[in-house]
Each structure stands twice: as structure tokens, then as C-alpha cells.
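Enquirer: For what it's worth, the working numbering labels the leading residue of the sequence shown as 1376, then goes sequentially.
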Amino acid sequence: MDYSTLSPIELIEKLQLCGQQPESALLQTVIDKKSEVGSQLISRLRTVLGTDLNGLEVNDPRRFEGMLIGRLCIEMKLMGALPILAELMRTTWSEDVTIDGLDRDLAHFGPDAIPILGALVEMNTLNKWHNGKSIAITALTDIALLFPQSSSAVKSALRSTLPRLNANGGISAPKDEMWGEVAIALAKLQDQESNKQILAMIRQGVTDSAVITRDRYESFYSGKKTARMPEPFSIMKKYASTQAFEEMISNLNVAGELEKADPAFDMVAAAKRAEAKRLAAKKSVGRNDPCPCGSGKKHKACCGKK
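1. DSSP three-state label for Ile-1518, please.
2. Who are Pro-1665's beta bridge partners in DSSP?
3. Let me know if Pro-1458 comes out buried or exposed under the rule of 16 or more other beta-carbons within 10 Å of its beta-carbon.
4. Between which residues of its own chain and Gly-1455 is the CB-CB distance below 6 Å, once the five residues before and five after are set aside?
5. Identify the continuous alpha helix (DSSP H) that holds Asp-1475 and give its terminal residues.
6. On a Cα-Cα basis, can you pick out the residue from Cys-1448, Ala-1494, Arg-1437 that is closest to Asp-1407?
7. Can you tell me the Cα-Cα spacing of Gly-1413 and Thr-1582, whole angstroms?
8. Quick check on the DSSP output: the alpha helix (DSSP H) that includes Pro-1490 runs from which residue to which?
9. Give the straight-line distance between the Cα atoms of Met-1611 and Cys-1393, rounded to the nearest whole angstrom.
10. For Leu-1540, does the three-state DSSP call read helix, strand or coil?
11. Find the nearest neighbour of Trp-1504 within the set Asn-1429, Trp-1468, Asn-1570, Ala-1400, judged by alpha-carbon distance.
12. Between the Cα of Pro-1486 and those of Ser-1410, Gln-1396, Gln-1572, Leu-1521, spot the shortest distance and give me the residue it belongs to.
13. Among Phe-1608, Ser-1616, Asn-1663, Lys-1672, which one has its Cα closest to the Cα of His-1483?
14. Run through DSSP, which three-state label would Ser-1379 get?
15. For Ile-1329, name the three-state secondary structure that DSSP assigns.
16. With Leu-1561 and Ile-1577 assumed to form a contact (beta carbons below 8 Å), what rounded beta-carbon distance in angstroms separates them?
17. Rounded C-beta distance between Gly-1445 and Leu-1477? I'm assuming under 8 Å.
18. Apart from the five residues just before and just after Thr-1404, which ones in its own chain have a Cβ nearer than 7 Å to its Cβ?
19. Ala-1511 and Met-1327 - do their beta-carbons sit closer together than 8 Å?
20. Let me make sure I understand the geometry here. Which of Ile-1489, Leu-1420, Asn-1434, Ile-1384 has the alpha-carbon closest to that of Gln-1395?
21. With 16 as the cutoff for other CB atoms within 10 Å, does Ala-1542 come out buried or exposed?
22. Who are the near neighbours of Gly-1631 in its chain, counting only those whose CB is closer than 8 Å to its CB and skipping five residues on each side?
23. Leaving out the 5 sequence neighbours to the left and right, which residues in its chain are closer than 7 Å to Ala-1575 when beta-carbon positions are compared?
24. Can you find the residues in the same chain that come closer than 8 Å, C-beta to C-beta, to Lys-1550, ignoring five residues on each side of it along the sequence?
25. Could you pull out every residue in the same chain whose Cβ sits closer than 7 Å to the Cβ of Thr-1473, ignoring the five residues on either side in sequence?
26. Based on the DSSP secondary-structure assignment, which residues constitute the bridge partners of Ile-1577?
27. Are there 16 or more other CB atoms within 10 angstroms of the CB of Met-1553, so buried, or fewer, so exposed?
28. Which word fits Ile-1384, buried or exposed, when buried means at least 16 other C-beta atoms lie within 10 angstroms of its C-beta?
29. As a quick exercise: from Ile-1489, Lys-1409, Asp-1475, pick the residue whose alpha carbon is nearest that of Asn-1506.
Here you go:
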């Protein structure tokens, strides 16, 4: 189909029906028409993210529209989309198909995103783990890796969330489930200013030991272990790799799971879980690493759930 003949409204309507496999020709046409489509993409993103997706079937294309439009906004550097995504992140305590799908892609908004993401990192989550805040921490870390000139600003934003040392060199604060993620991010960026704080936090047990230990912190801080550099963002490659993965899992031997009689059983998800377990068995997959199943979520929030 020749998408170039369609109006901006017609292109938006086509995107609504794409699900997880948009045609590359449609994506390219939308990108080429940035000046015509950009403002309507942002408006549609606001509408989609304000829609209740509960009750929709697992593979209903409406579940994936927000992620698709979000990725297009990242590809096209539509900064007006970031406050909309940030508001969703602020209210997302647990899993969300859009935010989890974007995850590390958010860093490709670039250094201009630091103030908005920094505000998310600073929000009070009552010492509990918060998915949106976790993703903001990851995005800030990736921005520092992708854009070294922004490293100082990112470190400062992350450090501002940590408790200060008291007069005795200790921490006078209760345990916070998010501090471990901040500490690991600063270790990956080899931040010297927070070193004493973080060691004191680990020593006093105010960080989550499942996320950070002294050995893990020091392995990154010393440079023995390096942070995984984010890949350059390309929406075309993103969806091409998703399609290749779907083709691969269709041939996996997951008969034990697929033979379940439950009519609501998600066969694709089962195949992904089986492949993730196979890959995880072959190599060590950290809790905060991308899940091997290709969902875009962190392993701890996907197939690595205990």
C-alpha cells in the first residue's frame, strides 16, 4: 500500500491497528511526514495513555499503540511527548506495557530529557520500589553513557536522591528499595562523590541486597565490570528484531506449556518464557538486565520473577 497518499489523520488510524508488527513502509511514511503528523502523534499519545487497557485481550493491538507511538516520538525527537510519558511513569508503580516496552529507548530523547527524568527520580515513593522511577534511573544512566558531556548533570541528579552521611559517617535513614538502583547507576558511571555514602548505605543495610551488594557495587565502580552501552535507536530495527524473534519462538519446543487446556493461555508468552529460561541457563542474567525473552522489560519484572 502507498501510505504516502494518506492524510495525517488516516496515518494515525492505521497506527491504531498495527499491534506489535507495524509495516516498515507505514513507519517510514509517518517519519517522513514529521512536520504534518508530529503534533497529532503527541495528541494521540496523550489520548492512548489516558485509556484504561484493563479487560483487553493479550494481543489486542490497542494494548501496544502507546508503545508504538512513543517509539515514533523518540525516533522523531518529539520532545512534547516526554512530559506525557513522564506522567505515566510517575503513576506506574508496577508493570505497564507501554513504559516497560520503551524502557531504555527513553534515553534517546537525549540530554534535554534530564530535568524531566531527574524529577521522576526525586519523587517520594514511600521507600517502596516503583517501576516508573526505576525506568527513569535507567534512562538517565543511559543518557550519561550515550552523551558523555551530560554525565556530570546525570550524576548530580542521581546523587541528590541519596541520604547524606551523618556526623559519625553513617546513614540516619530507613531502608529504601530504590536506593540500590541509584547506587548501581552511580557505580556504572564511576561517580566518586557518592562512594562513601553508598558504602555506608550498603554496610548499614538500607539498600536492597537483591539489587546491590558491596562486591557488585565495587565491580562497577572500579571498572572491572562495565555498563552495557545502549544501542543506537532505530524504530525500524526495533520492530524488525521483534518480528525475527516471533518467527524464532514459533519453532521452539514448548509443548509442555502449550498443551495446557486453559483457553486463555497465551502461547506466545509461554514460548517467550521458555526461551528466556533457556538463555538464562546458558549465561548469567542480572535482575536489572533486559529480559532474554525480548519483552523490553527488566528480567526481574518479567521472566525472572520469583
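In this text, a Cβ means the ideal position worked out from N, Cα and C, and glycines have one as well.
Expert: A quick look at the data gives this:
1. helix
2. Lys-1673
3. exposed
4. Ile-1417
5. 1472-1477
6. Cys-1448
7. 42 Å
8. 1489-1497
9. 14 Å
10. strand
11. Trp-1468
12. Leu-1521
13. Phe-1608
14. helix
15. The chain is shown only over 1376 to 1681; residue 1329 falls outside these bounds and no answer can be derived.
16. That belief does not hold up - the Cβ atoms of Leu-1561 and Ile-1577 are roughly 12 Å apart, past 8 Å.
17. 5 Å
18. Tyr-1378, Ser-1379, Leu-1386
19. Given that the chain is displayed from residue 1376 to residue 1681, the structure contains no residue 1327 and the question cannot be resolved.
20. Asn-1434
21. exposed
22. Below a pLDDT of 50, predicted positions are generally treated as unreliable, and Gly-1631, at 46, falls in that range; the measurement from the model is reported next regardless. Cβ neighbours of Gly-1631 beyond the five flanking positions: none.
23. Leu-1540, Gly-1544, Gly-1545, Ile-1546
24. Asn-1502, Gly-1580, Val-1581, Thr-1582, Asp-1583
25. Leu-1424, Gly-1441, Met-1442, Gly-1445, Leu-1463
26. Ile-1577 pairs with nothing; no bridge assigned.
27. buried
28. exposed
29. Asp-1475
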